[in-house]
Ligand code: FNR
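In my numbering, the protein residues as written are 2 to 388.
Encoded structure:
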């Protein structure tokens, strides 16, 4: 068994053990991938300030996100096709999150359905909603989330249309994969993935197949999004969805203060400062660069969460120091899942927790509430002097 010390170790195993099509789907950004790259490289520009001779006994990473207890402020982000990284991937990730004490967010574009995940878990999870044109589907999926005891709705605002990722087109991404000679050759070296996949019935888009009407190719993510996602989503529709749901609401994908103000005005429990992991608008700033401006704009009106680019516990601390009350990881846990299934997700959470706990202590802080702006050094022009 390889020794796992960091997320990169899991990433290497993920690449080796998962069909290329799905590894590439995870590890890519849109177009030139500039935003995808800068999401991680911009974290390196922020430095942590060590403090010494501070009693670090009895410290804790526990806190709350939207009033719910979390073992650390790190939720699992909604990730489509998670059940193609490993058989029953969403169930495995949800179980790992439940045991660790952090929220799991199920994507609309998941392989395992809301009902399947609910059946295999005991604690409520969060559900991420993409808004579809089909109003019956929309009403129905919100009702299904309620019936499954979902404890927060995460409404994603930055994907009414899909940004292009070159590799997905070249690889012919689909769920399940179409067995072309190239795919078969790839699977020959990843036979354990295939065996596990044969052992489950969860191999299509579980929330959608059998629930939505009028889609020509139910295996293609591109067809789904082009035919079904509602390009007319606007603030009035967001308000209508908020009323339809009636529970805790998180608005995901905000990158500009004006949009953050609108989100706060609609009324939500939190917003997520996110550029979708660099998968939508290529050329946008990294999320970490815009975080502080958004906290300044709406931090007193709504909880501000953060994602895009987190690969370590130190990254989590940097986001908290710049004002985030909670964070999400996407690829960091998917690498764990692709590497080692449920155990790998647990390992990813342990790695991040350990890094966070020790670095927090080395900065002289004993609790998440003590993490403040004073804990980091940020380049003076970090947010940018843009004209
Ligand atoms: C995503 N993300 C995403 N977001 C969402 O709201 N619904 C979804 O179905 C998906 N699907 C998805 C698939 C894959 C493979 C990735 C990597 C990401 C975006 C995700 O929730 C989150 O915003 C990013 O993953 C955060 O960036 P990092 O942590 O991956 O750098």
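Just so you know, even glycine gets a beta-carbon here, dropped at the ideal spot from N, CA and C. Fair warning: this is a prediction, and the values are worked out from it, not measured in the lab.
Going by C-alpha distance, which of 20, 141, 78, 330 is nearest residue 172? As a position in the chain shown, residue 172 is number 171, starting the count at 1. Taking each of 20, 141, 78, 330 in turn and checking the Cα distance to residue 172, the smallest one comes out for 20.
Which partner residues does residue 304 have in the DSSP bridge list? What you label residue 304 is simply residue 303 of the chain shown in a count that begins at 1. In the DSSP secondary-structure assignment, residue 304 is bridged to 271.
Length-filtered (3 minimum) beta strand (DSSP E) runs lying within the stretch 289-366: 304-307, 327-330, all fully within the stretch 289-366.
How many whole angstroms separate the CB atoms of residue 176 and residue 206, which I take to be in contact at a CB cut-off of 8 Å? Residue 176 sits at position 175 when you count from the first residue of the chain shown. Residue 206 sits at position 205 when you count from the first residue of the chain shown. Their Cβ separation, rounded to whole angstroms, is 6 Å, which keeps residue 176 and residue 206 in contact under 8 Å.
Whole angstroms are fine: how far does the CA of residue 271 sit from the CA of residue 257? For this step, residue 257 is matched to residue 256 along the chain shown. For this step, residue 271 is matched to residue 270 along the chain shown. Roughly 15 Å between the two C-alpha positions.
Three-state secondary structure (DSSP) of residue 368: The residue given as residue 368 occupies position 367 in the chain shown. Assignment of residue 368 by DSSP, reduced to helix, strand and coil, places it in the strand class.
Boundaries (first-last residue) of the alpha helix (DSSP H) holding residue 254: Translated into positions along the chain shown, residue 254 becomes position 253. For residue 254, there is no enclosing alpha helix (DSSP H); the residue is found in the beta strand (DSSP E) stretching over 250-255.
Could you check the C-alpha separation between residue 50 and residue 380 for me, to the nearest Å? Taking the first residue of the chain shown as 1, we reach residue 50 at position 49. Taking the first residue of the chain shown as 1, we reach residue 380 at position 379. In a straight line, the C-alpha of residue 50 is about 13 Å away from that of residue 380.
Can you tell me where the alpha helix (DSSP H) holding residue 184 begins and where it ends? For the purposes of this step, residue 184 is identified with residue 183 of the chain shown, where counting begins at 1. For residue 184, the enclosing alpha helix (DSSP H) has its first and last residue at 182-189.
Does the stretch 227-241 come close enough to the stretch 142-154 to have 3 or more Cβ pairs within less than 8 Å? With a cut-off of 8 Å, the stretch 142-154 and the stretch 227-241 do not count as touching, because too few Cβ pairs lie within range.
Where residue 339 and residue 87 are concerned, what is the direct C-alpha to C-alpha distance, given to the nearest angstrom? Here residue 339 refers to the residue found at position 338 when the chain shown is read from its first residue. Here residue 87 refers to the residue found at position 86 when the chain shown is read from its first residue. A straight-line Cα-Cα distance of about 6 Å links residue 339 and residue 87.
Select from 39, 170, 12 the residue whose C-alpha is nearest the C-alpha of residue 384. In the chain shown, counting from the first residue as 1, residue 384 sits at position 383. Taking the Cα of residue 384 as reference, the smallest distance to any Cα among 39, 170, 12 is reached at 39.
When you compare the stretch 352-371 with the stretch 104-121, are there three or more beta-carbon pairs, one atom per stretch, that lie closer than 8 Å? No: fewer than three Cβ pairs fall under 8 Å.
Continuous alpha helix (DSSP H) assignments of at least 4 residues falling wholly in the stretch 69-137: Note on the stretch 69-137: whole alpha helix (DSSP H) runs with a minimum of 4 residues are 83-86, 90-101, 115-120, in chain order.
Taking Cβ to Cβ, would you say residue 255 is nearer than 8 Å to residue 97? Residue 255 sits at position 254 when you count from the first residue of the chain shown. Residue 97 sits at position 96 when you count from the first residue of the chain shown. Their beta carbons are not under 8 Å apart, which means residue 255 does not touch residue 97 by this criterion.
How is residue 36 classed by DSSP in three states: helix, strand or coil? If you number the chain shown from 1, residue 36 lands on position 35. If DSSP states are grouped into helix, strand and coil, residue 36 belongs with the helices.
Could you tell me whether the stretch 278-286 touches the stretch 7-15, using the rule of 3 or more Cβ pairs below 8 Å? Segments in contact, no.
I need the straight-line Cα distance from residue 245 to residue 135, nearest angstrom please. Translated into the one-based positions of the chain shown, residue 245 becomes position 244. Translated into the one-based positions of the chain shown, residue 135 becomes position 134. Those two C-alpha atoms are separated by around 15 Å.
Could you tell me if the beta carbon of residue 203 falls within a distance shorter than 7 Å of some heavy atom in the ligand FNR? Within the chain shown, numbered from 1, the residue matching residue 203 stands at position 202. For residue 203, the Cβ stays outside the 7 Å cut-off from all heavy atoms of the ligand FNR.
Tell me which residue opens and which closes the beta strand (DSSP E) that residue 66 is part of. The residue given as residue 66 occupies position 65 in the chain shown. For residue 66, the enclosing beta strand (DSSP E) covers residues 64-66.
With H, G and I counted as helix, E and B as strand and the rest as coil, what does DSSP make of residue 48? If you number the chain shown from 1, residue 48 lands on position 47. Strand at residue 48.
Beta-carbon within less than 7 Å of residue 179's beta-carbon, same chain only, minus the 5 sequence neighbours each way: which residues are those? Position 178 of the chain shown, counted from the start, is the residue given in the question as residue 179. Only 173 meet the Cβ criterion.
Considering only DSSP beta bridges, list what residue 153 is partnered with. Along the chain shown, one-based indexing puts residue 153 at 152. Looking at the DSSP assignment, residue 153 forms a beta bridge with 127.
Considering residue 226, what are the terminal residues of the alpha helix (DSSP H) in which it resides? Position 225 of the chain shown, counted from the start, is the residue given in the question as residue 226. Element bounds for residue 226: 222-229.
Residue 1 (DSSP reduced to helix, strand or coil): Residue 1 lies beyond the stretch modelled for the chain, which goes from 2 to 388, so this question has no answer here.
Looking at C-alpha atoms only, which residue of 276, 251, 275 is the closest neighbour of residue 265? For the purposes of this step, residue 265 is taken as the residue at position 264 of the chain shown. Of 276, 251, 275, the residue nearest in Cα terms is 251.
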